[in-house]
Amino acid sequence: MLTRQASRLALQAGRRSFGALPASTASYPDYVLNAPETSVTTLDGGLRVASETTIGSETATVGVFIDAGSRFETEQNNGAAHFLEHMAFKGTTNRTQQQLEVEIENMGGHLNAYTSREQTVYFAKVFKKDVPKAVEILGDILLDSKLDEAAIDRERDVILREMEEVNKNQEELILDHLHETAFQGTGLGRTILGPESNIRSLTRSDLKNYIDTHYVAPKMVIAGAGAIDHGELCNVVGDVFGSRVKGGSAVDFPMEPAIFTGSDKRVRFDSDDKAHIALAFEGAGWTSEYTFPLMVMQSILGSWDRTSGSGRNIASKFGQEVAEHELAHSFMTFNTAYKDTGLFGIYAVAPDNKLEDLMWYMTSNLVRIVHKTTDEEVSRAKTQLKANMLMTLDGHANVAEDIGRQLLTYGRRLSLAETFARIDAITADDVKATAAKVVNDQDHALAAIGPIHGLPDYNWIRRRSYWLRA
Amino acid sequence: MLSITRLGSALGSALGSRVATVTASSFQSSRRRFSRKTGNELIYPNRTSSPQITEHSVNAGSTHETHHEKGDMLPPPSTSVSLPAITLEPLFKIEHKGNNELTEVQITDVDGIQVGSLEKSGGMSTIGVCVGAGSKWEGEGTRGINQAMELMCLKGNQEMGSTEIVERLDSLGSQIFALSSRDNYTMSVDCLRDNLDPAFKLWKNCLLDGVYSDEEVEECKDIMGWINTEMMGQDRLKEGIMGAAYGSSPLGNTHFVGDERQVSQITGARIREWREKFFTRGNMFIGGAGIEHAKLVDLVGEHFKDVKEGGPVESAKSEYVGGEFRLQEQNSIDGLTRVAVAFEVGGWHDDDMVAICVLQTLLGGGDSFSAGGPGKGMYSRLYREVLNRCYWAEAAEAFIMLHNDAGIIGISGASVPSMSQNLTFQILEQFAKLSYQNVTDEELSRAKNMLRCNVLTQLESRQILAEDLVRQFQTYGERLDPAVICEKIDAVTKDDLRRIVQKGMSKPPSISCVGPDLDKCPLFEQIAHIRGKDDLL
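Those protein sequences? They're chains U and C, same order as listed.
Here the UniProt record's numbering is used: the first residue of the first sequence is 1, the next is one more, and so on.
Here the UniProt record's numbering is used: the first residue of the second sequence is 1, the next is one more, and so on.
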């Protein structure tokens, strides 16, 4: 069983080689090997089609995952990726906005999209029989969007209203501020919606240029899950997208590197009732050897909310201390990966009179991982990590997203067995070494909003990124 | 993977991404101009003052290295990882063993407990139970007891304390969820397959062996009081309409009890007594998803052998009466007044149950400004005829509350207080119209497709599947195959819908109003006579 596997690997981990990972899957239980296979086909021009079939299912999710998001924009066109998505639903050369909406609603389907810093995703949830139709509609809204000037002008107001709604959510706002300061002056520092001035001024040709540059075959993956026949999916994708998306090589699209800058941004509103604070260190990119140990670190630090059922009883040491000393209303550990970098840290919502204590416990728990991680907590975190990963794969939409994202970030879908093997191989020493690299004596980035008059300054926190000799 | 962008569950709700298909009703902003706000008002909304913003960066030199003690830094004990990066080459070749999924539910009677399960692929199992116990059975001395049990679902038993239970669950990669309602009590456990045995045992301990110490019960009462004060307007509205609809009969009981006198009567002994009475063999249904049926049968046989015999507990029948609930909120968050109007329909056992669900989907609705693209019901009645036409309508959404022997269908909405009379009459007009005018073929077929798709999409989820299994067992004594439900959806006619509304409107409405100012909300006595179109002219 897996737990046994883990302890055997732990003994071997002293060797600094890949020998810590099993060479075969013989030792895995059936359910790991019974996991459905992901079929991947690369069409001419470089467009990839990937899918996983659920037997007996009557519904499917199919999505287009594009290796493009706000980080690939410039100061002048920041917000274009997101604006474009709004416009994708506003009519094509073949369908008016109303025709598109009615068609989807009448067939009982769902059509949606989102933009993140590195990815743009359009997806449809439909009945089995409507999968070809869904692919055709996705192709239509992506490749034949009308981008009507009057509709663009109307949409500016909707996006500004959305901006206001997004910013009412302090968690969203603080993570935007964190990126802005941590990756200042680079693409990753810009927001997804873009600045107000761009939302008011982006033109049809800005959007058109964005499509021409980024919606190209090698940067796109069509992913499906549920009632999908891979061969049929490839055929219909070939018909709809094949001749119409530009081919090429993925290397043709240079990316502005992300540079992490130790820094902070503090927005003081003394009249707010809660302080929101995000402290982050530079994490790791998607494919880094530190990726999986960082996930374990994230599990060890955990998250906690005063209103959640578990009350004070949580396994995370930091969580226990926060609860015991009433340092915060809630906190969560985050670990966001990008192509070449990442952000690892803790976001907390706290009362204004506890901020110094909160930062003391927060930094000391981060540095504690460098020195005092135990085998027991690593083993618990690994089990939780596996469970959390599997829990998020509940439902076709989640599976399709996992397939699409892994193809864009890893270039392939990791089998469940490989994912588990990578987690099993992690030792307490690996976690300590990861924390040593990410946290120990490193510059941090911090964003804070609210009544933060009592929040310690940059150097106070920086000084606590390492421990002194006893 | 477990990054911040993955904490949101489904596609698009992911944190760190912006769902683009936000739509504004009123056919975009022709009547509403959203762009009046600029600059800091957009970035820091809902504040009256300007922020003090400071920025420092290490590179810019505005922050100096003053942490001179670095020379004495404790060196890290470990500095390199022994793990490979992720490359295009798989670590090893997988030999897939084929798929173990089943499509049919298997059912076994384990000494009086019905056990049903469906095998799914994947490394997680979900097991759930549904007990025929809920707040409709509560009375003097036991009010709030179901909510208390839900809140204390992870509390200690004779074997171990609460802290240890939570720690064990964590180390097994397991989670336990409990949910109490008026009709039933469900509790499920989600766990890694490897840890099925210990997780099942923990779950059973949490379900049947809690001791409910005085200290735990007192802490729980505090939380119940707090939940009651923090309850959102929308939830109060729905609680209120149950009282309005059923008066003093069992379904009229509030589920969330905040009254101090009533809460004070809850004791550990009373909870244990309650459990003895309701949590019996014949009143309990166990279901699993992502588990081998034989394995589940074994686990139930082993761990539930000491559970007492027993069967469903009778409750007095709930009579629909119609009436009103009005609550003036002291501290409204958004300043909006919420109104819900509902009429009587049948319950879970009614022949029209599926048609009632179609009716709800056809009415649809939602918020005037919301995320989600086509498929959320943007061409449903309430979007087309209320949200897109009435600039002042902030929300309008159909709801159903179905129970074993009774049910209601209603529409809830929100507006500024000055428009709440218009809102109430808009809602009444929607019902009246359905009572005399047939729906169109197009909207009926759309509603059926949407409902079918929603049912099937929901059942993709292992957790929802397990819950659906046990609830259906508890309600119907069997599980309807999704295909059968889809056939029933197909069979619904427009006459069914008109008939359901006509019948509902033959009795007085139920109305619930919650908001900072209720002056403009009609009183029950002003609308109690409304039975159709003629009464609205």
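Glycine is no exception: its CB is placed at the ideal position from the N, C-alpha and C atoms.
Chain C places a beta carbon closer than 7 Å to that of Lys-265 (chain U), counting this residue as a contact.
For the pair Leu-102 (chain C) and Glu-89 (chain C), the CB atoms are not nearer than the 7 Å cut-off. At least 7 Å separates the beta-carbon of Gly-128 (chain C) from that of Ala-387 (chain U). At a cut-off of 7 Å between beta carbons, Lys-432 (chain U) contacts chain C. Within chain C, the C-beta atoms nearer than 8 Å to that of Gly-226 (chain U) come from Glu-460, in chain order.
Between Val-297 (chain C) and Tyr-185 (chain C), the alpha-carbon positions lie close to 21 Å from each other. Exclusion of the five residues before and after Arg-452 (chain C) leaves Cys-486 and Ile-489 as the residues of its chain whose Cβ lies within less than 7 Å of its Cβ. Approximately 3 Å separates the beta-carbon atoms of Gly-45 (chain U) and Gly-247 (chain U); this is inside 8 Å, confirming the contact. Counting only Cβ-Cβ distances below 7 Å, Gln-384 (chain U) has contacts in chain C at Asp-170 and Gly-173, in chain order. About 6 Å separates the Cβ atoms of Leu-518 (chain C) and Arg-326 (chain C), confirming a contact at the 8 Å cut-off. In the structure shown, Lys-125 (chain U) falls within a strand segment according to DSSP collapsed to helix, strand and coil. Per DSSP, the beta bridge partners of Gln-175 (chain C) are C:Asp-190. In terms of Cβ geometry, Ile-271 (chain C) and Val-345 (chain C) do not form a close pair [threshold 7 Å]. When the beta-carbon positions are compared, Ala-406 (chain C) and Gly-365 (chain C) stay at least 7 Å from each other. Within the UniProt domain "Peptidase M16 N-terminal" (122-254) of chain C, the beta strand (DSSP E) runs of at least 3 residues that lie entirely inside it are, in chain order, 124-131, 175-180 and 185-192. Its chain contains Gln-298, Leu-301, Gly-302, Ser-303 and Ile-346 as the residues whose beta carbon lies nearer than 7 Å to that of Thr-333 (chain U), once the 5 sequence neighbours on both sides are disregarded; these appear in chain order. Here Val-237 (chain U) is not near Val-216 (chain U), since their CB atoms are 7 Å or more apart. Of all alpha-carbon atoms in U:Asp-212, U:Thr-59, U:Ala-50 and U:Thr-409, the one lying nearest the alpha-carbon of Asp-67 (chain U) is that of U:Thr-409. Collapsing the DSSP output to three states places Asp-496 (chain C) in a helix. Arg-266 (chain U) is bridged by DSSP to U:Ala-448 and C:Thr-54.
Within 10 angstroms of the beta-carbon of Met-359 (chain U) lie 16 or more other beta-carbons, which makes it buried. When the Cα atoms are used, Asn-167 (chain U) and Ser-50 (chain C) turn out to be separated by approximately 15 Å. Look at Gly-268 (chain C) here: in three-state DSSP terms it is helix.
By a beta-carbon distance limit of 8 Å, Val-105 (chain C) contacts Leu-469 (chain C). Their separation comes to about 7 Å. Cys-513 (chain C) is bridged by DSSP to C:Arg-326 and C:Val-339. For Phe-369 (chain C), the residues of chain U that pass the 9 Å Cβ criterion are Val-158, Arg-161, Glu-162 and Glu-165, in the order they occur in the chain. According to the DSSP assignment, Ile-346 (chain U) belongs to the beta strand (DSSP E) that extends over 342-350.
The continuous beta strand (DSSP E) containing Asp-109 (chain C) extends over residues 106-110. Arg-464 (chain U) and Ser-364 (chain U) have their alpha carbons spaced roughly 7 Å apart. Looking at C:Phe-473, C:Asn-195 and C:Arg-446, the one whose alpha-carbon comes closest to that of Gln-114 (chain C) is C:Phe-473. At a C-beta separation below 8 Å, Gln-184 (chain U) has these neighbours in chain C: Ser-57. For Arg-531 (chain C), the CB contacts under 6 Å within the same chain, skipping 5 residues up- and downstream, are Met-505 in chain order.
For Ile-461 (chain U) against Val-267 (chain U), the beta-carbon gap comes to about 17 Å, at or over 8 Å, which does not count as contact. In terms of beta-carbon proximity, Asn-449 (chain C) lines the interface with chain U, with at least one pair separated by less than 7 Å.
Of the candidates C:Gly-139, C:Glu-219, C:Ala-133 and C:Arg-193, C:Ala-133 places its Cα closest to the Cα of Ala-178 (chain C).
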